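Notes for the one structure printed next.
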Amino acid sequence: MCGIVGYVGAGSPSDRPQGVVMGGLERLEYRGYDSAGIAIVTPDETRLAVAKKAGKLVNLAKEIAERPLPVGTAAIGHTRWATHGSPTDANAHPHLAAGGRIAIIHNGIIENYAALRDELRGKGVEFLSETDTEVAGHLLADEVDSGKPLAEAMRAVARRPQGALTPLPGAPRGRHVAVATRANPRRVGGLGEKR
251 MCGIVGYVGA GSPSDRPQGV VMGGLERLEY RGYDSAGIAI VTPDETRLAV
301 AKKAGKLVNL AKEIAERPLP VGTAAIGHTR WATHGSPTDA NAHPHLAAGG
351 RIAIIHNGII ENYAALRDEL RGKGVEFLSE TDTEVAGHLL ADEVDSGKPL
401 AEAMRAVARR PQGALTPLPG APRGRHVAVA TRANPRRVGG LGEKR
């Protein structure tokens, strides 16, 4: 089981997104997990800052205390129960793609991730984890980098994996957004961008 928490706020960047997301993850600890992470849209809204650690949420909190994250206006957090790749810092979610402009978290299993990973490696994509989730981030980066608006890119990506994707925030082209997809039937919804 995993937990997913997101926050999108209005106004000036602050530490509120981090506080809301970390608080939400604490309330989901009872569900069980083996690693945790958080991504925050940076104040310039061109990239995401990520902290993630294997083990309990206290390990993530310690990492953030030692290496503080920037203030921001949006964040997502995730507690992971490993299905692909062991519980390590590198395999914890969120995963970054598109030069740090897209972060993705996911609950479920992408059954065809090996074929998708091989396709992306053929395009020169380098993977930093052993997870199936990272594949979805790179698929989305490929679609966004081809010039598609984020919602359209998400719809294209939602058709590729055999499995379910859940929220991701990104800062493509300087806009922070939160987007979610759900399988069966495939649906895409967004916040922060006209669809």
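In our numbering, the protein residues as written are 251 to 445. Using N, Cα and C, we set each Cβ at its ideal position, and we do this for glycine too. The structure displayed is predicted, hence computed values, not measured ones.
Lys373 carries a coil assignment under DSSP once its states are collapsed to helix, strand and coil. Contact annotation, Pro263 with Thr323: C-beta distance approximately 5 Å; criterion of less than 8 Å satisfied. Lys303 sits in a strand when the DSSP states are folded into three classes. Between the stretch 332-351 and the stretch 388-398 there are three or more C-beta pairs closer than 8 Å, enough to call the two in contact. In the three-state reduction of the DSSP assignment, Ala342 falls in the coil class. The C-alpha of Ala311 lies about 18 Å from the C-alpha of Arg281. Counting only the Cα atoms, Pro344 lies some 6 Å from Gly287.
Sorting Ala315, Pro411, Ile352 by C-alpha distance to the C-alpha of Gly358 places Pro411 at the top. About 6 Å separates the beta carbon of Val255 from that of Leu275, a gap short enough to meet the 8 Å contact definition. Non-local C-beta neighbours of Gly327 in its own chain, meaning closer than 6 Å and more than five positions away in sequence, comprise Val255, Val271, Leu275, Ile288, ordered along the chain. Nearest to Gly259 by alpha-carbon distance, out of Val291, Thr296, Cys252, is Val291. With respect to Thr296, Gly335 sits apart: the two C-beta atoms are not nearer than 8 Å.
Exposure of Val308 is indicated by the presence of fewer than 16 other C-beta atoms within 10 angstroms of its C-beta.
Taking C-alpha positions only, Phe377 is separated from Ser396 by approximately 20 Å. Between Ser379 and Ala340, the gap from beta carbon to beta carbon is short of 8 Å. Within 10 angstroms of the beta-carbon of Pro318 lie fewer than 16 other beta-carbons, which makes it exposed. Boundaries cannot be given for His334, as no alpha helix (DSSP H) includes it and DSSP labels it neither H nor E. Pairing Ala315 with Ser285 gives a Cβ-Cβ distance that is not under 8 Å. In this structure, Lys302 places its C-beta atom within 8 Å of the C-beta atom of Ala342.
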